[in-house]
Structure formats: structure tokens, C-alpha cells
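These notes concern the structure reproduced below.
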């Protein structure tokens, strides 16, 4: 496991932080792994990421920037020993921590004959009856230590120190359970030579990591487990113990201790203490992981909230006033961000652009494409000659940025308010309804959705006319296909609503439809974005 050290000074106070594998936040507040007490440093200033032997630094959009060897960092950069990082007015030097590589040798054996075996459940029952001052003192110290937030690398070091203080040991190993052989994540080896392999029994590890058993061998020289090839007897071990890192749900790894002191034998009380400590440590490890995941989720929530605000700002802030017409618009995303879009925008010569679209898919990917499309529409609407010109040019623009398999359904109409003529192209969007005093007319489709087939642009421009009192109702499929108890809204209920429109205005019609949809669905959440446009000629 690679570790790195950042060192420097703040005034006359030394600063030193040792970092292990994973992601470490840098900022001026104490909850950051690297807390830099400088007012010029942002709360979340930068990120240090250790991947294997690599140390990577990334600036998180800090106000005053991050500098490496005097050069401002753009994006991210891999660091090397001796590099100097400046956050605000504080400079830290990067050096690798000296951690000797210690190979783990797992030997096969035919038996598993330990002096004592037990389980976490047995240990808990016995611990209730035991009032050993040593156990209580060690557990109390562990409880205080584990109540604090800390990086896993710091946790491992403190656990090694605590066990070494409570139990006579020559070696203490903390092992992580992996798909293959377990991995040593921390060790304290006393008088062992740095290059000496850490030999452990395969059967012993299986009992701990698979069976969940703690073990104690009081006399390794008499224990047949250690008579196999690579025996720890040859290394002078007289007594050994091991316990699972069990978090009350699953086994995360193991703690192993042994002793080379002649005549020293571990006792059941030592095993109880080691097993209880291992359980406490495993629970802390899981809590630390869950805290990190919750922090990541909270960061994602903040980013989605920001993305939702950006999307909202792309939509019309104010509905334009068109003499002789009443306009209503509504949109609600089914998640934090959505793929529906609409626009009501004044055109040249007093016309009105009427846009309603839906990007395929949901979530962040659809939201990003929706934002791109809205930006394109707002630019192209300034110069487009008619709806067909707008859709054709938008397709050429979108096709440069869209993934294969994604597309956009789009209704683009240009209304002449004086005559009521609406010229439009409907590229696969839900068919709008023109509600007159005597009939309901479904506006026909003009061709394929935008960018669904690269190079295919054939669409037919169409038109209709809004007479006095006519109403144009446009709804995304989040409205018509709202599914409740296996029935879609447009399968009967929507038609009943349309029968009752009568002489309602645009806003009254729109809000009545939304209330009817909510009543019909009995408050069930929408599975798709809901977008609604209503235009009525008075």
C-alpha cells in the first residue's frame, strides 16, 4: 500500500500529514483530510488521490487556485517526490512514506488443529462474565479512539499501537479480505527483518476469513498446524492468535498477532480482548466507508441541485405577452434534472416561436443534451427562416454532439398572431391538439425525430390556423403516458378532461389538467418529465 507525506509550516507551527490509499480532500476546514488553516484556501479546495503508487492532485475550482512548483494547476496532475504544492500562502512538500514491502506467504496444510477456537458470538457471551481490568481499559480506550473521524490509514496505525500496548507481541498484522489471497494493509513487526516474509497458514486464514473463527495457539511448537512447509516455527514463533474483522454483517479481514518470547503463552483472556477489538475496528471501518459514501452522495446531490438550477435558467423566465392570445407553460422533472424542454420566444416580424421537445432517456446524460439543444435553439431562432429551417439546422448542430442511439423528439412552430396561422414541423413529438368550438383536431406528424438516423432529414412542413376562441394544447408523453395501476392517462381519462374544457382560458385549462392528472394518479410520482404548453386565441 503506497503512502505519501505532505510537510510544511504554518507560521512557526509544523504541518505534517500522512496519506494512505484513497481520495483525500484538501480545504481550510477541519473535516478535510488535509486541513490547511489559511483564509485564502477554499472550504473544498483540492483533491489528492492515491492509486497504487501514484499520487494525483486535482483542483476543485478553488477561488485562489492551486500551484505545483510555482505553476498554477489546471485540471489534475500526478505528483512526484520533492514537488511543492501551494494552497493559499502555505507550501507543502511531497515525499513518499517509507513502508517496506512485506510479502505474505500462505502455506497449505492438511489439518486445522488449534489449541482454542471460538467465534464472535461465544466471545461476546464470555466477555459479559469477564471484568478483567485489562480488557475493560483497552476496550474503553478503543471506544474513545474509534469515536473520532479518521482516515483508514490512521485507524490502522492506532489499532496496531493499542494491541501492542495491551498484548505482548512480536508481530501484529491487519489483513484485508480480497478475491484472491488476503492483503496486508498494516503491520507492526518489532524485531523482524524488513525483508522477512510474513508466513501464515492457509487453513488458519480460511477458519478466520470464511468460518469467522478466532483462534489461539498457546504453543506453536506442539501445534500440528505449524508443521507444514513454511512453518512459522522456523521463524521462532512461540504463540499466536488471530481474529476476524467482523462488522456484525460480514467479515472484512483479520487481525493476527504472534510472539517470539520463549515461555510466553497467550491465554483465553488475550483472545477475548483481540476478538472484541477486531469487532470494534471492523464496525468502525464500515462506518467510515458509509460516511465516505454519504459524503459522496451529498456532493452529488449538491451538483444535481446546481444542474437543476442551470436547466431552469435555460427555460423562459417570463412568458411573452402576445396581444389577442393567452399563453400558459409548465414543466416538472421527474428527477433532479430532466430531458424535456420548451420555449416561447418572440420571432422576427412579430411572430412567436412555439417549441416543445423531449430528449431520449433520463437523468444527467439527458439533461446535458437538453441543455445543449436549448442553447442551439436560442441561437438558431434568431436567424431561422421557418420551422423547417430551424429543425434542419438544429439537427446538423446536435448530430455533432449526440451519442449513437440518442435522439430528440421536437415540435417547432412559428405563429403569425395577426392571422392565427401556425406553420410547424413535428419531428416525432406527441401530436398537439387544436381544440375548436366544434371539434378536436390532431396535428399530424412531419417526419422522424431529430438525429435518430444520421443523414436522413426528410420532413414535411405543415400548417394550421387558430381562429378566435381556438385553443392549442401541447403535452409531453410524461402527461399522456402517465401510467397508474397499469392504465395510461390518455386511455379514456384524458378524453374526459378534454370534453370539459368548454370556454376555459389557457391558464385555467393548463392548471385544471394538472389537477386532474394528480387526482387520477392518486398522488403517485411521475415516471417521466411533465411538460405542458397551452395557447388560446381570444
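In the numbering used here, the protein residues as written are 1165 to 1702. From the three backbone atoms N, C-alpha and C, an ideal C-beta is built for every residue, glycine too. All values reported here derive from a predicted model rather than from experimental measurement.
Item, Value
"Opposing strand residues paired with residue 1636 [DSSP bridges]", "1598, 1699"
"Close-in-space but distant-in-sequence residues of the same chain around residue 1293 (CB under 7 Å, 5 per side omitted)", "Bear in mind that the predicted position of residue 1293 carries a pLDDT of just 48, short of 50, making it unreliable; the figure below should be weighed with that in mind. Within the same chain, residue 1293 has no close Cβ partners at all."
"Collapsed DSSP secondary structure at residue 1684 in the structure displayed", "helix"
"Between the CA atoms of residue 1242 and residue 1252 - distance to the nearest angstrom", "20 Å"
"Cut-off 8 Å between Cβ atoms - residues of its own chain near residue 1462, not counting five sequence neighbours on either side", "none"
"Proximity to residue 1202 [Cα-Cα], best of 1214, 1219, 1212, 1227", "1227"
"Paired residues, beta bridge with residue 1257 - DSSP", "1171, 1248"
"Helix, strand or coil at residue 1621 according to DSSP, with G and I counted as helix", "coil"
"N-terminal and C-terminal residue of the alpha helix (DSSP H) that residue 1323 is part of", "1316-1330"
"Alpha-carbon spacing of residue 1170 relative to residue 1432, whole angstroms", "42 Å"
"Nearest candidate by alpha-carbon position, reference residue 1435, set 1333, 1700, 1483, 1525", "1333"
"Cβ neighbours of residue 1438 in the same chain (closer than 6 Å, five flanking residues each side left out)", "1405, 1407"
"Selection from 1198, 1621, 1605 that minimises the alpha carbon distance to residue 1209", "1198"
"For residue 1405, three-class secondary structure by DSSP", "strand"
"Residues near residue 1395 in its chain [Cβ-Cβ closer than 7 Å; skip 5 each side]", "Since pLDDT at residue 1395 reaches only 45, below the 50 mark, its modelled position is unreliable, and no value is offered."
"Endpoints, the beta strand (DSSP E) within which residue 1588 is located", "1585-1591"
"Cβ pair residue 1256, residue 1240 closer than 9 Å", "no"
"Beta bridge counterpart(s) of residue 1210 as assigned by DSSP", "1190, 1223"
"Identified DSSP bridge partners for residue 1551", "Answer is none; residue 1551 lacks a bridge partner."
"Validate contact between the region 1604-1611 and the region 1621-1640 using beta carbons, cut 8 Å, 3 pairs", "yes"
"Inter-stretch contact (C-beta, 8 Å, three-pair minimum) for the region 1439-1447 and the region 1346-1353", "no"
"Spatially closest choice to residue 1215 from 1574, 1192, 1187, by CA coordinates", "1187"
"Residue 1231, DSSP secondary structure in three states", "strand"
"Proximity of residue 1533 and residue 1486 at Cβ, strictly below 9 Å", "no"
"contact_flag[the region 1550-1564, the region 1638-1647] where n(CB pairs < 8 Å) is 3 or more", "no"
"Rounded distance between the beta-carbons of residue 1422 and residue 1347, thought under 8 Å", "Not confirmed; about 19 Å, so no contact."
"Where the alpha helix (DSSP H) containing residue 1530 begins and where it ends", "1527-1544"
"7 Å CB neighbourhood of residue 1233 in its chain, flanking five on each side removed", "1247, 1248"
"Between the CA atoms of residue 1574 and residue 1261 - distance to the nearest angstrom", "58 Å"
"Neighbourhood of residue 1357 by C-beta, 8 Å cutoff - its chain only, sequence neighbours within 5 removed", "Residue placement at residue 1357 cannot be trusted, given a pLDDT of 48 that sits under 50; what the coordinates show is reported in the next sentence. Correct list: empty, nothing qualifies."
"DSSP three-state assignment for residue 1647, whether helix, strand or coil", "strand"
"Residue 1662, enclosing alpha helix (DSSP H) - first and last residue", "1657-1663"
"Residue 1479 in three-state terms, based on DSSP", "coil"
"Anticipated Cβ contact below 8 Å, residue 1665 with residue 1635, distance rounded", "7 Å"
"Proximity test, Cβ basis, 9 Å: residue 1624 and chain D", "The chain labelled as chain D is not found in the depicted structure, where only one protein chain is given."
"Residue 1433 in three-state terms, based on DSSP", "helix"
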